[in-house]
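Colleague: First the structure, then my questions, so here it is.
Protein chains: 2
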Amino acid sequence: MADTPVFNSGGAAFGRGLMASTVSRECDVAVVGAGLSGLTAARRLAGRGKKVIVLEARNRVGGRTESVRLGNGAVGDLGAAFLGGPHHKLMALVAELGLAMDKHPGLGDSMAWIGGKAVRYASYDANLDDEAEADIAQGLERLDAIGKSMDLTAPWQHPDAETLDRINFAEWIERTLHTEGGRRVFNKMVTAILGVASSEMSALHVAWFYGTTDSFATAITNRDGGWDYSLRDGAQEMSNAMARALGDRVILGKPVHRIEHDGAVVRIFADDVLVRAKRVIVALPLHLTGRIRYVPPMPAARDAIVQRAALPTLSRALVRYETPFWRQEGLSGTALTDHLAPLLVVDNSPADGTCGVLAAYSDGAAGRQAWKLTPKAREKQTIDILVRAFGPAAARYLEYVERNWSDEEFTRGGATPMFGPGVWTSFGPAFAAPVGHIFWAGADTATCWNSFLEGAVQAADRAVDEVLASLA
Amino acid sequence: MADTPVFNSGGAAFGRGLMASTVSRECDVAVVGAGLSGLTAARRLAGRGKKVIVLEARNRVGGRTESVRLGNGAVGDLGAAFLGGPHHKLMALVAELGLAMDKHPGLGDSMAWIGGKAVRYASYDANLDDEAEADIAQGLERLDAIGKSMDLTAPWQHPDAETLDRINFAEWIERTLHTEGGRRVFNKMVTAILGVASSEMSALHVAWFYGTTDSFATAITNRDGGWDYSLRDGAQEMSNAMARALGDRVILGKPVHRIEHDGAVVRIFADDVLVRAKRVIVALPLHLTGRIRYVPPMPAARDAIVQRAALPTLSRALVRYETPFWRQEGLSGTALTDHLAPLLVVDNSPADGTCGVLAAYSDGAAGRQAWKLTPKAREKQTIDILVRAFGPAAARYLEYVERNWSDEEFTRGGATPMFGPGVWTSFGPAFAAPVGHIFWAGADTATCWNSFLEGAVQAADRAVDEVLASLA
């Protein structure tokens, strides 16, 4: 690969944000974003003999995965953490990379703190009578039936797309669920992993989302679903391992601000680096793809869907204990609350038994309420909720770390955009369609396990297939 | 003002997108965006003795106003065009600039083509019985009452804010209107000037929007409302006149890509221009403010509201005739359709009688449907609708020009963001709040006649007041 320093490029640099001292590199395929999706794409392309260069804005790889070492040396995940049996592409990648996975213990009852009362339960939610359970079952059946009857690459073509995309999920719940308990479970729990209130999402989008995970039950279970395993060295290690193998083909600390794609060669500008490539894969959160300037500009529909791809707000905190004490009492470590952050807590302890770790997700309005607190007060609120859920032992924690993903300049939320009414039926075809020599990856564009680690890999594979076909 | 060419700035340029040859300028207040709002702010600041520099991405000023000369020499507006009696700030500016206004004739019946039938009517809509008229009256009263009981600078503080922001406007209509005709008028007409389906907007937002125009009736009327007058030389002439007076303090063709605001001096980077200023006013559509990189980055809430500020899709076409022939038949030139673009047609003829001009707005789903047509087919569809509304004389047009504002790289839609459920109550305080030395203008941030020309001026005045107070 030829590295050509271009000094004082003068007139030619006009309008392109070129530095006084610019390094120019050439490759077959440039990748923007060294998250799991971008690096998977680069790895696959390199494996097919293509010259690749990956440009990453941060000084680390991994995107929405971020693994940290806790005080006792255990690894904790501040971002995406779990994977499962149905994640075939991801499992294959983990095996290729020679990384170890640990099974989630996944046993025991859950706790909920709802209406000011802590309740222990073994089903979807506390306080459900038979009628509510039956209601939930029929509601889930109807939700899953929509996803299963849908071409997940074209949800706007579903026979009921117009109707479903005109109403929000809250309205769909109102029409479909008939018990108070059923509605509560749908409004709180079915939306818990989405990070957005049911009133803010299109019903079509929710059905599509759970369609990409096969069903709601599959999406949330740790028994052959989305949450069976974690990576022993942390989820970020997948990206670290791929980046190590790619070596100097991965360039850190270079946010791409401009892509010129008016000719046979695409020019990608990132501070003082200029990459010339035959094709480019942009593997960013969908909304961040709009913060790059394209010359020529994107078509109206592409720009419009990007304008409507806000990421939910999301924080994740890890709380470390001497041991996973909750297991002794037959508890799974899962807890739900109904109004205060964190709204969802799960057991994220390392398998070697060196400590107990609870991961606490704070999203939606409750999570944002906690933004207003001082870090100390937010920590206290989290511990208070853990005490209510798991008893006084939860107060004896050893460490608390948190990451507010909405603060992260190069992510700005998580996990995946939740489209409001009208987006799919108005702009659907522009969702992931290549524009000239520009292709799109990233878990946001996945049509299989959207937003999950598996989705990042599936989107990468799809983009790589598109690029290879276009180069053939 | 010192203009310092900085050649070969080398190391200092690192990470800032500086050109090999960069021109550096200094001022008290930099303004990003030479639309009506940005230029009004610059003019007011200059009038107060401040050194200003305005950076504009396009090679013209005026932003969402754009006036063109039609084939016969008449002036036509492809963007914002109308102003009215209640627009006190705008009226004062027009007088200051010595520009002439013409009164909209505003007489006669309107036409609607609904359910495949053309109907002539003198009220809000065709085919309304007394019951529907009464229903509409009570619905409007309730909608306006919310706006009037609201602090328009803080809609999230309204006593019913949580409830109203949880439902979309379609749901509010369902709950508030009781007749089929009333619901139709609310779903079609009350949303007609907003460009977004009632299912896509928060009920709180719609109430707030019409609160900023005093009432729905005021917003849509051309009798002491939002549509009384047009500018004889076109609405863009306001910006042209201000830019002429500012002279070389307005710099065209320089899209700002980076703002550094970590010290006492703000540094604004736009291609090969670097402006150093004490303060900066960013006067862009809200969503485009997110396409600038800020160092340090924006707070999470600011970034989040910007992510949720998509502009509706919007096109405007002008159709020129020998004469405003519709007036002879007692028609106002206003027409509404219920499913095909253009959805709204208004008389936009010059007052001197040299020709007749109909302005046709295509927004929402119907407008986007027309994107798929060839320009010729889209023109034909528009003329067909005019013929259905105004008879065979409408087929004898002399000229057709159109502007799809969603295609415009430096606007990307119009007229103003329509927030979905949850945005105001989640992120409201970040709507227009200054961040350090950065202040926000633009009609999107107006709390008085939001999205109208008046709003652009009101937002500019508010930002100027904030800047002056912070410099005092």
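Residue numbers (the working numbering), protein chains in the order written: chain S, 1082 to 1553; chain R, 1082 to 1553. Cβ atoms here follow ideal geometry from the backbone N, Cα and C, with glycine treated the same way.
Going straight from the alpha carbon of residue 1277(R) to that of residue 1256(R), what length do you get?
Modeller: C-alpha separation (whole angstroms): 19 Å.
Colleague: Identify, in the order they occur along the chain, each residue of the same chain with its Cβ nearer than 8 Å to the Cβ of residue 1511(R), setting aside the five sequence neighbours on each side.
Modeller: Correct list, in chain order: 1380, 1382, 1383, 1385, 1386.
Colleague: Identify, in the order they occur along the chain, each residue of the same chain with its Cβ nearer than 7 Å to the Cβ of residue 1545(S), setting aside the five sequence neighbours on each side.
Modeller: Around residue 1545(S): 1122, 1125, 1126.
Colleague: Give the single residue among 1454(R), 1408(R), 1420(R) whose Cα lies nearest to the Cα of residue 1436(R).
Modeller: The candidate whose alpha carbon is nearest that of residue 1436(R) is 1408(R).
Colleague: Could you name the residues of chain R that residue 1501(S) contacts, counting a contact when the two beta carbons are closer than 7 Å?
Modeller: Going along chain R in sequence order, the residues near residue 1501(S) (Cβ under 7 Å) are 1281, 1501.
Colleague: Could you confirm whether any beta carbon from chain S is found closer than 7 Å to the beta carbon of residue 1378(R)?
Modeller: For residue 1378(R), the answer is yes, since a Cβ of chain S falls inside 7 Å of its Cβ.
Colleague: Please say whether residue 1364(R) and residue 1118(R) have beta carbons closer to each other than 7 Å?
Modeller: Their beta carbons are under 7 Å apart, which means residue 1118(R) touches residue 1364(R) by this criterion.
Colleague: Does the distance from the C-beta atom of residue 1233(R) to that of residue 1292(R) stay below 7 Å?
Modeller: Closer than 7 Å, so yes.
Colleague: Just the C-alpha distance for residue 1171(S) and residue 1318(S), rounded to the nearest angstrom, thanks.
Modeller: Between residue 1171(S) and residue 1318(S), the C-alpha separation is close to 13 Å.
Colleague: Expressed to the nearest angstrom, what Euclidean distance is found between the alpha-carbon atoms of residue 1547(S) and residue 1144(S)?
Modeller: If I take the Cα positions, the gap works out to 23 Å.
Colleague: Give a yes or no on whether 7 Å exceeds the smallest Cβ distance from residue 1388(S) to chain R.
Modeller: For residue 1388(S), the answer is yes, since a Cβ of chain R falls inside 7 Å of its Cβ.
Colleague: CA-CA distance, residue 1279(S) and residue 1223(R)?
Modeller: C-alpha separation (whole angstroms): 26 Å.
Colleague: Excluding sequence positions up to five away, which residues of its chain have a Cβ less than 8 Å from the Cβ of residue 1539(R)?
Modeller: Excluding sequence neighbours, residue 1539(R) sits near 1170, 1527, 1528, 1529, 1530.
Colleague: For residue 1443(S), which residues from the same chain have a beta carbon less than 6 Å from its beta carbon, with the 5 sequence-adjacent residues on both sides left out?
Modeller: Excluding residues within five positions, the ones whose Cβ falls inside 6 Å are 1396, 1422, 1423, 1451.
Colleague: On the criterion of 16 or more Cβ atoms from any shown chain inside 10 Å, does residue 1268(S) qualify as buried, or is it exposed?
Modeller: Residue 1268(S) comes out buried.
Colleague: Using the Cβ count rule (16 or more neighbours within 10 Å means buried), how would you classify residue 1086(S)?
Modeller: Residue placement at residue 1086(S) is poorly supported in this model, since its pLDDT is 35, which falls under 50; the coordinates still yield a value, given next. Burial call: exposed.
Colleague: Please check if any C-beta of chain S sits within less than 7 Å of the C-beta of residue 1086(R).
Modeller: Note that residue 1086(R) scores 36 on pLDDT, short of 50, meaning its location in the model is unreliable; the coordinates nonetheless yield the value given after this. Cβ-Cβ to chain S under 7 Å: no for residue 1086(R).
Colleague: Does DSSP put residue 1243(S) in a helix, a strand or coil?
Modeller: Residue 1243(S): helix per DSSP, three-state reduction.
Colleague: Residue 1488(S) versus chain R: which residues are under 7 Å apart at the beta carbon?
Modeller: Those within 7 Å of residue 1488(S) in chain R are 1381.
Colleague: What's the C-alpha gap between residue 1552(S) and residue 1190(S)?
Modeller: If you take the alpha carbons of residue 1552(S) and residue 1190(S), they lie about 53 Å apart.
Colleague: Is the beta carbon of residue 1309(S) sitting closer than 7 Å to the one on residue 1420(S)?
Modeller: Against a cut-off of 7 Å, the Cβ pair of residue 1420(S) and residue 1309(S) comes out as no contact.
Colleague: Give, in chain order, every unbroken run of the alpha helix (DSSP H) that is at least 4 residues long and sits entirely within the stretch 1418 to 1466 of chain R.
Modeller: List check, alpha helix (DSSP H) in window: 1445 to 1452.
Colleague: Using a Cβ-Cβ cutoff of less than 8 Å, which residues in the same chain neighbour residue 1464(R) once the five nearest sequence positions on both sides are dropped?
Modeller: So the qualifying residues of the chain are 1400, 1475, 1476, 1478, 1481.
Colleague: Since residue 1250(S) is in the alpha helix (DSSP H), which residue starts that stretch and which ends it?
Modeller: 1250 to 1257 is the span of the alpha helix (DSSP H), which, as asked, contains residue 1250(S).
Colleague: Below 8 Å between beta carbons is the criterion; list the residues of the stretch 1436 to 1451 of chain S that meet it against any residue of chain R, in chain order.
Modeller: Cβ contacts with chain R: 1446, 1449.
Colleague: Give me the subset of the stretch 1364 to 1376 of chain R whose CB atoms are less than 8 Å from a CB atom of chain S, sorted by chain position.
Modeller: Per Cβ criterion, the list reads 1368, 1371, 1372, 1374.
Colleague: Would you grab the beta carbon distance between residue 1372(R) and residue 1372(S) for me? Rounded to a whole angstrom, and I think it's under 8 Å.
Modeller: Contact holds; Cβ gap of about 5 Å.
Colleague: Can you give the Cα-Cα distance for residue 1485(R) and residue 1489(S), rounded to whole angstroms?
Modeller: For residue 1485(R) and residue 1489(S), the distance between alpha carbons rounds to 34 Å.
Colleague: Using the beta-carbon of each residue, which ones in chain S are nearer than 8 Å to residue 1278(R)?
Modeller: Ordered by position in chain S, the residues that pass the 8 Å Cβ test against residue 1278(R) are 1247, 1502, 1503.
Colleague: I need the boundaries of the alpha helix (DSSP H) containing residue 1183(R), first residue and last residue.
Modeller: Residue 1183(R) -> not in any alpha helix (DSSP H); beta strand (DSSP E) instead, spanning 1182 to 1184.
Colleague: What residues in its chain sit with their C-beta under 7 Å from that of residue 1549(R), if we drop five residues either side in the sequence?
Modeller: The residues are 1129.
Colleague: Within its chain, find whatever has a CB closer than 6 Å to the CB of residue 1161(R); leave out the 5 residues flanking it on each side and keep chain order.
Modeller: Correct list, in chain order: 1145, 1146, 1316, 1534.
Colleague: Can you check whether the C-beta of residue 1396(R) is within less than 7 Å of a C-beta belonging to chain S?
Modeller: Closer than 7 Å: no.
Colleague: If you draw a straight line from the alpha carbon of residue 1142(S) to that of residue 1337(R), how long is it in whole angstroms?
Modeller: Between residue 1142(S) and residue 1337(R), the C-alpha separation is close to 28 Å.
Colleague: Less than 8 Å between C-beta atoms, sequence neighbours within five positions excluded: which residues of the same chain meet that for residue 1327(S)?
Modeller: Taken in chain order, the residues that qualify are 1120, 1123, 1124, 1127, 1133, 1135.
Colleague: What are the residues of the stretch 1257 to 1271 of chain S that lie near chain R, defined by any Cβ-Cβ distance shorter than 9 Å?
Modeller: Per Cβ criterion, the list is empty.
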